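Below: the structure, in structure tokens.
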Amino acid sequence: MKLITAIIKPFRLDDVRNALNEEGVHGMTVTEVKGFGRQRGHTELYRGAEYVVDFLPKSKIEVAVDDERVDQVIEAIIKAAKTGKVGDGKIFVTNLEQSIRIRTGETGDEAL
Amino acid sequence: MQGSIRAVLLLIITLVLPPAAVAADIDTGDTAWMLTSTALVLFMTLPGLALFYSGLVRSRNVLSVLMQCFAIACMASIVWMAIGYSLFATDGGDAQAFIGGLGKIFLVGVGVDSVEGTIPESVFIMFQMTFAIITPALIVGGFAERMRFSSMFLFATLWLLIVYIPVAHWVWGGGWLAGLGFMDFAGGAVVHINAGVAALVAALVMGNRKGFPRTPMPPHNLPMTVMGAGMLWVGWFGFNAGSAIAADGSAGMAMLATHIGAAAGSLAWMCREWIRFGKPSMLGIVTGMVAGLGTITPASGFVGPGGALVIGMIGGIVCFSATQIIKRRFRIDDSLDVFPVHGVGGFLGIFLTAVFAAPSLGVFSGLGLPEGATIGSQLGVQVLGAVAVLAWCGFATFVILKVIDALLGLRVSSDEETEGLDIVLHDEQGYNL
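Right, here's the structure in full:
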């Protein structure tokens, strides 16, 4: 099992969610985060006091998938989240050691 | 000495006897308008100024600003009733040039039928009280986000007694500036120069906020600031048009001049900002509004709409530069720009009053200068008055702050400042989202 963490532009969230649905992934966790990579921040100006704001709002999506589907899911996320402009985000894949459904106690792939 | 013994006897006697009924010579129209104006001016402080200021600070300090405004409003009300009105309005005998007397402490003798001009005296007391409330509340902007509440409260009380009341007496209570024909219709000197200078002195004495100017400290809730700005604009009609103390053409013209001044100041600032920084901003346009209003305040009852247009524009243009200079060139943390907007605006307005009151300026004509005055001679009086207010306010504010610093300290500690005044001073959070 793998945990796929995707940090994307917030306005792409609905597209990614729909794309994941089509891949058969029906559960996910979404967090609102701030961050930057190569995308530059912006300047704000208040009565002459100028501030450079580095952090940009992003959405973080976490989905747990079985090993067979990892590549398709990644491809679906990329297709839905990409705008072609700097700041599109990143995807990280980490090993998922265990997964449990709280209600039933199912573990492993059945819990995904 | 005689005066105060007399006052105490009067107090004792009048507490025993019912207040004397005076023939009711009131004009109901004037009275209705002044009752309304009073409400409008209080509304400027609560919640107008409170919202305007608190939206500009960081969320961890939002309550501290609201608390300061609220507490000052309450304190000033009591002080005005107890001794302020008497020192402002009554005859001070030998000291009348500088301060009034104690004949009306705790408003002895003021009854339901007491009259001041064409309105009940109670209404006059209330109207003037709202000015005594808003002036110390304005100063809050100079020391926002770093002052201890107890010290602030003591400061505001002493400042009201030592600076505001005497200056108000000089200009409106029959003091020496009134005697010289100093023109300040609604408080360019009494309110705006006073508050602006005090805020600047406070910012200098207390020092900059931790991290200023490099750390970003953007306003946490600009919509709240804009709401406050709207309330200030509307309330200012009570502030300026109400200063006519009558429901007549003078009030109407003052309202017109005030409104044009606000609109002109807003657009002037907006344009300057657009040109200088590339985009017009919300904070900019409302600050321009305040600048225009502050500048037109002393002139409002003396000028025509054409003059008001020019005055408002100049206010917006000049106060914009003043803000940049204080913040960027001098790096003084007058956190909410009280001096560059109210102080500089007040000065400008006081000077421009002498010019635009003149009835000989075509479409920019005013309602007339005092008997025998010329633009030049009046300008001299205006400058003298403005400088006198600046000097007394600056000096006294400095001394009061230094005394309080020695007694209680002025600032919270560095760690407390980082954590935020709401938690540290009030055990509260503004937002529990």
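As they're listed, the protein sequences go chains A and B.
For the first sequence, our numbering gives the first residue as 1, with consecutive numbering after it.
For the second sequence, our numbering gives the first residue as 113, with consecutive numbering after it.
Each residue gets a CB set at the ideal place from its N, CA and C atoms; glycine is no exception.
Quick caveat, the model's predicted, so the values are computed rather than measured.
Do we get a CB-CB distance below 8 Å when we pair residue i with the residues of chain B?
i	result
F45 (chain A)	At residue 45 (chain A) the sequence reads Leu, which differs from the Phe that was named. Interface residue, yes.
G89 (chain A)	no
A64 (chain A)	no
Could you tell me whether the Cβ of residue i comes closer than 8 Å to any Cβ of chain A?
i	result
S393 (chain B)	yes
T148 (chain B)	no
D449 (chain B)	yes
F389 (chain B)	yes
T230 (chain B)	no
Y543 (chain B)	no
T407 (chain B)	no
P331 (chain B)	yes
T435 (chain B)	yes
P325 (chain B)	yes
A132 (chain B)	Legend: pLDDT at A132 (chain B) = 49, less than 50; position of this residue unreliable, no value from coordinates given.
T399 (chain B)	yes
P417 (chain B)	no
T530 (chain B)	no
P471 (chain B)	no
P248 (chain B)	no
P328 (chain B)	yes
G319 (chain B)	no
Please list the partners that residue i has in chain C, where partner means a Cβ-to-Cβ separation under 7 Å.
i	result
R440 (chain B)	Note that chain C does not occur in the displayed structure, where the protein chains are A and B.
I'd like the span of the alpha helix (DSSP H) that includes residue i, first residue to last.
i	result
I138 (chain B)	Careful: I138 (chain B) lies outside any alpha helix (DSSP H) and carries neither H nor E.
T407 (chain B)	M394 to I408
L537 (chain B)	L533 to H538
T337 (chain B)	L334 to A353
L163 (chain B)	A162 to L168
G418 (chain B)	P417 to Q436
S378 (chain B)	G361 to F389
L20 (chain A)	L13 to E22
Can you give me the C-alpha to C-alpha distance between residue i and residue j, rounded to a whole angstrom?
i	j	result
Q72 (chain A)	S525 (chain B)	56 Å
P198 (chain A)	K9 (chain A)	Residue coverage of chain A in this structure runs from 1 to 112, which leaves residue 198 (chain A) outside it and unanswerable.
G319 (chain B)	P159 (chain B)	28 Å
T157 (chain B)	A374 (chain B)	18 Å
G361 (chain B)	T143 (chain B)	15 Å
F324 (chain B)	A485 (chain B)	47 Å
V53 (chain A)	R38 (chain A)	14 Å
G521 (chain B)	R260 (chain B)	8 Å
T337 (chain B)	L168 (chain B)	7 Å
A99 (chain B)	W284 (chain B)	Lying outside 113 to 545, the shown extent of chain B, residue 99 (chain B) is not represented and no answer is given.
G400 (chain B)	D449 (chain B)	12 Å
N286 (chain B)	R523 (chain B)	A small fix is needed here, since residue 286 (chain B) is Gly in this sequence, not Asn. Each residue's alpha carbon lies about 38 Å from the other.
G396 (chain B)	Q98 (chain A)	55 Å
F36 (chain A)	I4 (chain A)	19 Å
A420 (chain B)	S472 (chain B)	15 Å
S198 (chain B)	K216 (chain B)	5 Å
S355 (chain B)	F349 (chain B)	9 Å
C505 (chain B)	A315 (chain B)	14 Å
V93 (chain A)	I77 (chain A)	12 Å
V313 (chain B)	F510 (chain B)	6 Å
A209 (chain B)	K391 (chain B)	50 Å
T148 (chain B)	D14 (chain A)	53 Å
K2 (chain A)	R101 (chain A)	16 Å
I211 (chain B)	F200 (chain B)	7 Å
G427 (chain B)	R172 (chain B)	32 Å
A65 (chain B)	L334 (chain B)	As shown, chain B starts at 113 and ends at 545. That puts residue 65 (chain B) outside it, with no answer to give.
D203 (chain B)	E228 (chain B)	14 Å
Which residue comes first and which comes last in the beta strand (DSSP E) that contains residue i?
i	result
S59 (chain A)	L56 to V65
I8 (chain A)	K2 to I8
N95 (chain A)	G89 to N95
E50 (chain A)	A49 to V53
E32 (chain A)	T29 to G35
L45 (chain A)	H42 to Y46
For residue i, verify whether its CB is less than 7 Å away from any heavy atom of the ligand PLP.
i	result
A249 (chain B)	Inclusion of the ligand PLP in the displayed structure is not the case, the ligand content being empty and no account of it being possible.
Quick check for students: name the residue ranges of the alpha helix (DSSP H) that lie wholly in the segment 479 to 529 of chain B, counting only runs of 4 or more. 487 to 519
Would you mind listing the alpha helix (DSSP H) stretches within the segment 181 to 261 of chain B that are 4+ residues and don't spill past its ends, in chain order? 197 to 201 and 233 to 251
Positions along the segment 336 to 351 of chain B whose CB lies within less than 7 Å of some CB in chain A: none
Which complete alpha helix (DSSP H) runs does the segment 257 to 329 of chain B hold, if anything under 4 residues is left out? 261 to 271, 277 to 284, 288 to 291 and 306 to 318
Complete runs of the alpha helix (DSSP H) confined to the segment 443 to 474 of chain B [at least 4 residues]: 456 to 468
Along the segment 263 to 280 of chain B, what residues have a CB closer than 7 Å to any CB found in chain A? none
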